[in-house]
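Residue numbers (our numbering): 842 to 990.
Think of the CB as a built atom: it goes at the ideal place given N, C-alpha and C, for glycine as much as any other residue.
Below is one structure, written out as structure tokens; comments come after it.
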């Protein structure tokens, strides 16, 4: 946040249902979605944290498991393959035929030797425990082979 003189402060600017000064919201996972909805699309309400079902966000790119929610909101998605298992489960599942995968540009990672464990432990549940990845309909994503590296 900034103070009345426009200088940066140590306080966090809130987004969606999270009030200004509350440090519980960080700018990844749902926080990234909230900031895109707030800054790009002007949603300054409590619903800024919610997934949008309209095609406003046309393109998104990510390279980390914490980018999943942000990527799933967009029409077209680019996953940079750093062998992040949750991200690659969704990317290789290619739901809606809207995911593209590219190796890292500098020092690409080697091919994942085993399947990504999408059906068992690749994703995190809301309590932080490991669990299966689920697509938009709630179906478990099958284990995926690494094909783009």
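Please state whether DSSP places residue 900 in a helix, a strand or coil. Position 59 of the chain shown holds residue 900. Residue 900 falls in the strand class under three-state DSSP.
By the three-class DSSP mapping on this structure, what secondary structure does residue 909 have? By 1-based counting over the chain shown, the position of residue 909 is 68. Three-state result, residue 909: helix.
Quick one: grab the DSSP three-state call for residue 843. As a first step, residue 843 is located in the chain shown; it is residue number 2 there, counting from the start. DSSP places residue 843 in strand when its eight states are reduced to three.
Name the DSSP beta bridge partners of residue 957, please? Within the chain shown, the letter at position 116 stands for residue 957. Answer is 985.
Cα-Cα separation, residue 844 to residue 850: Numbered from its first residue, the chain shown carries residue 844 at position 3. Numbered from its first residue, the chain shown carries residue 850 at position 9. If you draw a straight line from the Cα of residue 844 to the Cα of residue 850, it comes to about 6 Å.
Whose C-beta lies closer than 7 Å to the C-beta of residue 915 among residues of the same chain, with five residues either side of it excluded? The sequence position of residue 915 within the chain shown is 74, counting from 1. If you ignore the 5 residues before and after residue 915, its C-beta comes within less than 7 Å of the C-beta of 898, 899, 900, 901, all in its own chain and listed in chain order.
Cβ separation of residue 862 and residue 889, assumed to be a contact under 8 Å, to the nearest whole Å: Indexing the chain shown from 1 puts residue 862 at position 21. Indexing the chain shown from 1 puts residue 889 at position 48. About 17 Å separates the two Cβ atoms, so there is no contact after all.
Using the C-alpha atoms, what's the distance from residue 852 back to residue 958? Stepping through the chain shown from its first residue, residue 958 is reached at position 117. Stepping through the chain shown from its first residue, residue 852 is reached at position 11. Across the structure, residue 958 and residue 852 are spaced so that their CA atoms are roughly 39 Å apart.
Check residue 878 in the structure and name its three-state DSSP category. Taking the chain shown and counting its residues from 1, the one referred to as residue 878 is at position 37. The DSSP-derived three-state label of residue 878 is helix.
Suppose the cutoff is 8 Å on Cβ atoms and the five residues either side in sequence are ignored; what does the same chain contact list for residue 855 look like? Residue 855 sits at position 14 when you count from the first residue of the chain shown. Excluding sequence neighbours, residue 855 sits near 861, 862, 863, 866.
Which partner residues of residue 991 appear in the DSSP bridge assignment? Nothing about residue 991 can be read from this structure; the chain reaches only from 842 to 990.
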